[in-house]
Structure formats: C-alpha cells, structure tokens
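Enquirer: Have a look at this one before I ask anything.
There are 2 protein chains.
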Amino acid sequence: ICNQLINNEYVMIRQASDCCMYFCLCAQQIDEEVSKLLQLKAQLGGDEDKHTFVLKTAKGTRDYNPKQMAIREKVFDTIIRCFKRHGAETIDTPVFELKETLTGKYGEDSKLIYDLKDQGGELLSLRYDLTVPFARYLAMNKITNIKRYHIAKVYRRDNPAMTRGRYREFYQCDFDIAGQYDPMIPDAECLKIVHEILSELDLGDFRIKVNDRRILDGMFEVCGVPDDKFRTICSTVDKLDKMSWEDVKNEMVNEKGLASEVADQIGEYVSMQGGKDMAEKLLQDPKLSQSKQACAGLADMKLLFSYLELFNVTDKVVFDLSLARGLDYYTGVICEAVLTQTTSAPATQERNGPAGEEGVSVGSVAGGGRYDGLVGMFDLKGRKVPCIGVSIGIERVFSIMEQKAEAEKIRTTETQVLVASAQKNLLEERLKLTAELWDAGIKAEVLYKKNPKLLSQLQHCEETGIPLVAILGEQEIKDGVVKLRTVATREEVDVSRAELVEEVKKRCQQL
Amino acid sequence: ICNQLINNEYVMIRQASDCCMYFCLCAQQIDEEVSKLLQLKAQLGGDEDKHTFVLKTAKGTRDYNPKQMAIREKVFDTIIRCFKRHGAETIDTPVFELKETLTGKYGEDSKLIYDLKDQGGELLSLRYDLTVPFARYLAMNKITNIKRYHIAKVYRRDNPAMTRGRYREFYQCDFDIAGQYDPMIPDAECLKIVHEILSELDLGDFRIKVNDRRILDGMFEVCGVPDDKFRTICSTVDKLDKMSWEDVKNEMVNEKGLASEVADQIGEYVSMQGGKDMAEKLLQDPKLSQSKQACAGLADMKLLFSYLELFNVTDKVVFDLSLARGLDYYTGVICEAVLTQTTSAPATQERNGPAGEEGVSVGSVAGGGRYDGLVGMFDLKGRKVPCIGVSIGIERVFSIMEQKAEAEKIRTTETQVLVASAQKNLLEERLKLTAELWDAGIKAEVLYKKNPKLLSQLQHCEETGIPLVAILGEQEIKDGVVKLRTVATREEVDVSRAELVEEVKKRCQQL
C-alpha cells in the first residue's frame, strides 16, 4: 500500500495487497509519477508524516526472493563449474571506480553511467561493465597474463524492461584471457565456453555469431566509407538484428550522410553468413582482398574455424558479416550468442522488442570480443596487454529459468531433518537433540514454539520439503531412541540416539 | 606511476613501480592531495592528456586478487554451510535503495551514507547495511516469518583503515529470523550460529558478549538518567571497550550534562559481567528491580542462558552490562563477538586503535540484536514483525586469514590435468584431447602456444599446482595412448585414451 500524502492531497497509488506485481507491470509510468511527486514533496519541504514513503526498490532493480535465489545459484553453479573446468582464477573489484577510469571507454553509452554524488573527496561512478575494471586491474598490478572470471553486478541508467529481463542493476558473468599468445587459440576457447554453458543451461537451440572488427573496417574501407565514419556506420550495422536492411540503409544515407551506392555495397556484404568456407571465399573477393586488415581478419577467421572444428562446436558457430557490436574497445574477433528457439512468450516478445543492452540483439544471451588496446589506455607508456573475453548475459537466462520453474516446487532450504515432538513440555529435549545434530554437521530445524502440534510440525516439512522428522516422546527419551519418520512415505522406525546421525546421512544420500 | 600534469606544474606522486603498496600505506594523505588536484584540474577544464589519470581504486576500497578470492571463497563456504545447516533461505536486494528508505534508521551514522548523484528520477543511496533493506523487503512483500541469510557488500563513507581490515566497501554476512515466536528461542539460535562460525573459522579464542536494550534502558531509568538522554548516554556507554571508565564518565558529565552521582551509579552496573547467575542476582537488585523493563530483560536473559546451556555454548557467552551497540533500531537482546587472542600483529594494533564500525569494539568480528520495530516503520499501519539477527564482520576475518596464508601456497585454480606435448606440431592433437576432457567434465588446461617446450609446460604445472600432465607424442597418438605424468612424483605411465577420463578422476580423488 503506497499512499502519497501531500498537503492533504491524496494520490492513491495502490491499495491492493500485491504492490510488487503492480510495480512490475507498469513500473515506468508509476516511477515517473512518483518522481514528480517526490520532487513536489521536496519543494514543499515537509517530511513530518513518516508514512509518506514509497515502498519499492529503485527503478529498474529488483529483489531476489528465496526461490529466485535457488534458481540463480543453480545457474551460477553451472557457469562457475565451466569457468573452473577451463582453469580460470577469479578476482573481484569494487562496485564503484574513479569516474575518470570509466571516461572515454563506452562511446555514446557513457550517458548511461551512474555517478555518485560529490560528497567531498573523489568523484566516483558505478561500474558499467566488468571489462574496464579488469583492464584497470591489469594495468595497476602490471599483470601481463591471466585467465580469470568475474561474476558481479553492473549498473546502467537504461530504460528498463524488467518483464523481459532487462534491468538497471544486473549480473554479468565474464571470462577473459589476457596475454600475448599464438593467434586464435584463446579466442577459440572463449567460444567453446559459450557453447558449453548454453548447452548445459538447456535453454533451447542457439547460434553463436562471429565476426572481426578488422573485417568490418576493411569492408567499410573497400566500400568507400570515409575513415571518420567507421564507428558510426558500425553502430548502424549493429542494428541489423532488430531493423530491416531498408531502415538501416535509410539511417546510413539520410542520418549519417553516406552515399547510397556505398550503403548498397555494404548491404551486399552484411547479408553474408557462413563458416570457414566463407572466410576462404572472401579472401579471394576482388574487392575485400584489397584491404590488408580485412585479409588479416579473414585469415584469422579461417584459423579460428579450424580450432572450432577440433573443439567440436562448429554446429552452432556462424561467421556473420552483419555482426558489429556497439562498444568502442573491440579490436579483433567479436561474437554474440542468440537463442533461436522461442519457447516462452516473453522471449518472442523480446525478439521483436526494442534495442537490448549495448545495442545487442535482444535475443542475445552472451557476447564478447578481443580488446587489445584497452589495458594500454591505463598504462602511462601505453604498454598493451592483448585480451579476449566473453560475457554471459545472465538476467535473460534467469527470466527463462524462472518461467520454466513457475509451476515447479523448488526447495529453498537444504534442511535434512526436523526435530519434533508429539507431546508437551519437550522443548528442552528438542533443542538439545537439534544442537547435537548441528554439531555433527546435520542440517536440522526445530520449530520456535514451546508446544507445537505434531500436525503443524509435519506441515512445515511438507511445505519446505524437509524429508525426515526425528520425533521425541517421553518413551523415546527413556529408551534412548528417536522415532525417525520419512515424510514422503509416513514410515516410522525407532533409531538409537547414538546411530541417528549416521542414519540421517545414509537416508539423505539415498534420496 | 602516477603523474599529475597540470599547467606545466608537475606533481610527482610516485615514480617507483609499485604504486599500490604506496597507496595502501599513505592512501589518505595522497587521496586528499589528489582530490584537490583533480578539483583544480576540473576548474582548468583540460583533459587533453589521456595519461593524467590516477591509477587506483576508490578510497577505502580494494580489489581481490585470485589468492584473496580463494581465501574469501573458503570463508564464505564455512559461513554458508552453517547458515544452511540452520535451515536458512537466502535473498538478495539491490545495492542501492531509495534515499528515503534509509532515512532515519541509523541515527548519527546517517552522515556516512553514500548518495548517488541526482541524474533525474529517484534519489538513491548505497545500502549502509543489510538489515534495513531486509526490513523493507519484509514490509513490501508482507512477509511475517522467514529465516534468511544475505551475504553482500555494504557501503560507508567512514575513515578507512585498510591495513586493519576496515574499508568503505565491505562484506556483511547476515543471518536473521523474522516472526512471532516463543521468547528467546531464535535469539539463542543466533548466538549458537556465531559460536559455530567462529569455532569453525579457527581464529583463536573468542567471547560473545550479550546484553539487552531493555536492561540498559531500565538501568538508565533507575540511575536517574532523563528519558531524552537514554540514547546519547547509551552511545557513550558503547565506548567502554576502547575508552577507560574515567573518560566515559567525563563524556557523560561534561559533554552530555549528566549529574556526577548518576554517572557513578551507571559505572557500578556497567562493570558487571557474568552469566545466568548474574541475571538472577540482578532480578533481586533493590534498585534495578524497580524497573519493569529491566525485569523483563533480565527474565529473558535467564531464559536465554538456559537455552544456551542446552546448545552447549555458555563457555563463550558473557552477560555484560557494558555492551550497548550504536544502532538505533535495537529493542531487545544485543550481542557482539570479540577475538580474545591476538596472535597476529595487526590484531593487537587494532585492539588499541581507533573506533571500529558502528562504534563497536575494534576486535569485534560479529554483532547483532533484536529489532522488533524496524519492519513496522515501513508499514503504513505500523504492523510489527519481530526480528533478531547477527552479522559476521567478515573483513577482519579475511585480514587474519590472509596474514596466516601469506607464506602458504594456495591454489587459485582447480585444474586437474594439463594437456602437453614434448614434440612439435602437435597443437591440434593437444586441442582435440583437451576438448575431449572438457566434454567429460575434467578440469583441463592447454598452453596457448603452437610449440611450447615440455619444460615450460611442466613449470606451469608446478607454479599453479596442477597435479597431472597428459603428454602426447607421435608414438602415443599412434598407439592410442597418453603418457600420464604425476607432477609431484614425476612418475609416468601409459594410459589408453579410452580410459584417460576415469584414470584422471580416480587419481584426483586420491590426491
């Protein structure tokens, strides 16, 4: 229930009990209203009535309830196991950086950075991704090679679309390989990792698109795009996954001033998709082969595909000349994974929806690329550390998993046994036995009531999925035993107190 | 290397290579200088030279390197296992809240809250603890009972003392029980949890002090402290762990205007420490027994100790009338755990050092209490949800563990086997075998070089602790085998390709 009480003027936002749902559905409109009202309130100055607050999380953010956390932990576990399987270490960096650390790294997206208020001292901003802090970390500690993963939240003042898994606070799961190595081997491993994770998460069919910034730049060069328009035309190409070629061409010609023939030449290239064979064919392309950097990119693409064959992942990887990616810092291979099946409604919705993060396809669940120049931007002498990395866009994965799990009953605790009693005045005995179990490493609960009914104790087990109940009564205490009940079968046996721990362990292994 | 180039005026901060160390040691002075210079620079406007940035993390924050992360994961694992053993679920909340959500919850400490810049829209602040967001979550979702843990970073614009484990960004590990239950059962479980965690972390001997806000208030009442001075006198009492009684009395009398006789009476009480017997004795105290709330608190203290006896933790728990705790929101039992052994130098240093977080003893590693009114502050109708919780102050634990681990070699990866070769031109064979191992769930690495030397491959294993090497040569490939080498013993045996996965698994279990 959220009431806005301003100068006897009631603004009733919601009186029904489920205010969260409501905020999810039309959060944007409400946010705007609320923010206007709060400004008005601030002008009026009064904050006397302590109940005039709005009970909500900040725009574009959400809490995770226990069920969502159980899903999140499962997803993270899959991802972390994969990263560790590939020999990665992990690091962590602060949630905010010096403002200047982020300056000049994100191009047009910089306007989406959250700044902290100047409260005296340093000017700070919330991290926008994990890549720039990683590069700062490498430069600051003079690290020239590392394979690390980093799972943490990042912050973007974007227009949220929370029902579709787009938030202002969201997780990124990054895996990066830094160091001077023989070409395309780390790049191939990054794609293998995306393949492994998306397969294991079982989200339906997917495709991993790859391209290379050098091929893109070479293509712009031979098509006659002026040098200073490479980046902006690149941004326009990047929209091809959610706009038709006509609209993209229109933007190139009318907004960005490109000659129509030049755009048409680009149009021919960006419609191409293939594999290793396409790289070979383009190396023979009379026009594209004129560009040195295109040739370098195409030769590497050929090599990349030969490694991908050894890794057995070419079934999902497509060389796609229309893949551009928005961020400024990429210098070589770029990639992006999209789900191709749309089993759930919101996924369909999203694929036709507005632009995703980083101007990336909205069905996108992973992306990344090579950024050989970023670390050098933090080094006084500009010493470069070549890097390649991929980022798993976990929020969309959560959304899909949550929908799948909606009907399912998911346990949110791991409790193995509830210590219960059928008779009165046995609280102390229950507490004593519970502590014995805790001290033996058993996950045990006891109801915080002096004399709970047996039925309510059994109900607690049913509701939370506790498989076993250890029931104490006067007789059991006298006999030095416990009645061990299996919740599912209602079967009960007496177990001696001395053997209880082993018996609980054994049964939980069998479950 | 950090140069500040401003209008031909060089300010040399550091030319040596290890700028991190330097910043750690005298970070505060440098920060102040840097911030002045940055402001000057901002006024001058120029940001032409891209190398004038300061390469550091924000004041009071730090990165975690892989070794620190390995320690952190071990500590978290111990703590989470304990929380799960006690049947807790977990939730997560956003890193920032509406500013007004935090308003009026922290008393004098509110000045330490980080605000976000007003960039249009809502006014936001970084969370200051996990308790207020938890209360907001309960009220917003109308949850009346839950047992949950939450491990996340919180933010305080305090004076950092990083060498002593005090940061502006730091982890809290909170366990809370919300709900209307029979008295002192959840309270006892919270203390049991602190006991279990501190025992398992093996940080040396510790003591858990307990008190009750009602006893403190009753004590102030019967000693003749005016009602409106309860909170401020409470804050002064809270300083007893780092100030002498003389200084505390001085503050009460001269700064806070308390009569000297009143202070003396308080002085008699706050020197008392004991157990259940002390609670019983104080219930007979002619003066203290005049206060209804003191009696209620003392009766509950007696009950609490009877449960603690059943839980077998009275060896470490002390009823200490000088324990006050700074935060406003506590209403009943309060507690705080301190390490009593000071095996490591910084711990000693800290015990004599300046004030800790929340005005808590600087040797403090856990704290908490009952806050029955906080959720009601977020409910329009003021409906209360009684809560008790404890927070493990993990940063100090990290500091101690890191010092212990300084000499030790800690693995930062979990790789089981390196795929290597002694001969040239076997990159493709190595990649193929590595992918086979990954696909079978084996943690495997391969060097990203076409023709690495066997020695450098073996060195990589020594350095990172990889226990096994799968060596491929022309002959092995022909024979369908792999030479499996145990790094520690240098022993080598041929294993058939078909049996390699099982063999690696078997050996790693034995290690």
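Here the protein sequences come in this chain order: A and B.
Heads up: the first sequence begins at 36 in this note's numbering, then just goes up one per residue.
Heads up: the second sequence begins at 36 in this note's numbering, then just goes up one per residue.
Just so it is clear, CB atoms sit at the ideal spot from N, CA and C, and this is done for glycine as well.
#1: Would A:G398 and A:L362 qualify as a contact pair, given that the criterion is a beta-carbon distance under 8 Å?
#2: Excluding the 5 residues preceding and the 5 following B:I445 in the sequence, name in chain order all residues of the same chain whose CB lies nearer than 6 Å to its CB.
#3: Just the Cα atoms here: how many angstroms apart are A:G95 and A:T448?
#4: With distances taken from CA atoms, which of A:W280, A:P421, A:V260, A:K277 is nearest A:A294?
#5: Please work out which residues of its chain come closer than 8 Å, Cβ to Cβ, to B:E511, disregarding the five sequence neighbours upstream and downstream, and give them in chain order.
#6: Is the separation between the beta-carbon of A:F346 and that of A:V245 shorter than 8 Å?
#7: Based on the DSSP output, what are the partners of B:L182 in its beta bridges?
#8: Using a C-beta cutoff of 8 Å, does A:N460 count as contacting chain B?
#9: Using a beta-carbon distance cut-off of less than 7 Å, what residues from the segment 199-222 of chain B approach chain A?
#10: What residues of chain A sit near B:R120, judged by a beta carbon separation below 8 Å?
#11: Span of the beta strand (DSSP E) holding B:K311?
#12: Please state whether the Cβ-Cβ distance between B:Y206 and B:K188 is less than 8 Å.
#13: Kindly confirm or deny that the segment 408-423 of chain A and the segment 364-373 of chain A touch, where touching means at least three C-beta pairs closer than 8 Å.
#14: Give me, in chain order, the residues of the same chain whose beta-carbon lies closer than 8 Å to that of A:L453; leave out the 5 immediate sequence neighbours on both sides.
#15: Identify the continuous alpha helix (DSSP H) that holds A:V257 and give its terminal residues.
#16: Look at A:A440 and A:V400 and say whether their C-beta atoms are less than 8 Å apart.
#17: Less than 8 Å between CB atoms is the rule here; does B:V89 satisfy it with respect to chain A?
#18: Whether or not the segment 180-197 of chain A and the segment 407-417 of chain A are in contact is what I'm after, with contact meaning three or more pairs of Cβ atoms, one per stretch, closer than 8 Å; do they touch?
#19: Is A:C61 helix, strand or coil by DSSP?
#20: List, in chain order, every chain A residue whose beta-carbon is nearer than 8 Å to that of B:I126.
#21: Thinking C-beta only, is A:Y172 closer than 8 Å to A:Y190?
#22: Please report how far the alpha carbon of B:A298 lies from the alpha carbon of A:D193, in whole angstroms.
#23: Output the distance between the C-alpha atoms of A:E124 and B:R120, rounded to the nearest integer angstrom.
#24: Using DSSP's beta-bridge definition, name the partner residues of B:C496.
#25: Taking its Cβ as the centre, do 16 or more other Cβ atoms sit within 10 Å of A:Q451, making it buried, or is it exposed?
#26: Have a look at A:R360 and A:R405 and give me their C-alpha separation to the nearest angstrom.
#27: Would you call the segment 331-350 of chain A and the segment 258-278 of chain A touching, i.e. three or more CB-CB distances under 8 Å?
#28: Please return the same chain residues whose Cβ sits closer than 7 Å to the Cβ of A:M436, not counting the five positions on each side in sequence.
#29: Does any residue of chain B have a CB that is nearer than 8 Å to the CB of A:N194?
#30: Closest by CA to B:L226, which one among B:K488, B:I114, B:G402, B:G476?
#31: Report the neighbours of A:E154 on chain B: residues whose CB is nearer than 8 Å to its CB, in chain order.
#32: Residues in the same chain with beta-carbon distance under 8 Å from B:C117, minus the five sequence neighbours each way, listed in chain order, please.
#33: Note down the Cα distance separating B:L35 from B:P221, rounded to an integer number of angstroms.
#34: For A:E108 and B:K484, I'd like the C-alpha separation in whole angstroms.
#35: So that I know if they touch, is there some Cβ in chain B lying closer than 8 Å to that of A:M313?
#36: Can the beta-carbon of A:S357 be found less than 8 Å from the beta-carbon of A:V272?
Expert: Inspection of the coordinates gives the following:
#1: no
#2: K102, A105
#3: 28 Å
#4: Considering only alpha carbons, the answer is A:V260.
#5: V517, K518, D529
#6: no
#7: Rather than Leu, the amino acid found at residue 182 of chain B in this sequence is Lys. B:I212, per the DSSP bridge assignment.
#8: no
#9: E204, Y216, D217, I220, P221
#10: Taking the beta carbon of B:R120 as reference, the chain A residues within 8 Å of it are W473, G476, I477, K478, A479, listed in sequence order.
#11: B:K311 -> not in any beta strand (DSSP E); alpha helix (DSSP H) instead, spanning 311-318.
#12: yes
#13: Flag = yes, the segment 408-423 of chain A and the segment 364-373 of chain A touch.
#14: A479, E480, V481, L482, Q492, H495, C496, I501, L503, V504, A505
#15: It spans 248-258 - the alpha helix (DSSP H) in which A:V257 sits, taken as one unbroken run.
#16: One thing to note: A:A440 has its Cβ no nearer than 8 Å to the Cβ of A:V400.
#17: yes
#18: no
#19: Low confidence applies here, because A:C61 scores a pLDDT of 46, under 50, leaving its location unreliable; read the following figure in that light. Coil at A:C61, not helix or strand.
#20: D98, Y99, N100, P101, M104
#21: no
#22: 56 Å
#23: If you take the alpha carbons of A:E124 and B:R120, they lie about 28 Å apart.
#24: B:C496 is not bridged to any residue.
#25: buried
#26: 12 Å
#27: no
#28: I106, V110
#29: no
#30: B:G402
#31: Checking the sequence, you will find Gln at residue 154 of chain A rather than Glu. Simply Y149, D150, R192.
#32: I228, E231, I232, E235
#33: Residue 35 of chain B lies beyond the stretch modelled for chain B, which goes from 36 to 546, so this question has no answer here.
#34: For A:E108 and B:K484, the distance between alpha carbons rounds to 35 Å.
#35: For A:M313, the closest Cβ of chain B is not nearer than 8 Å.
#36: Yes, Cβ-Cβ distance for A:S357 and A:V272 is below 8 Å.
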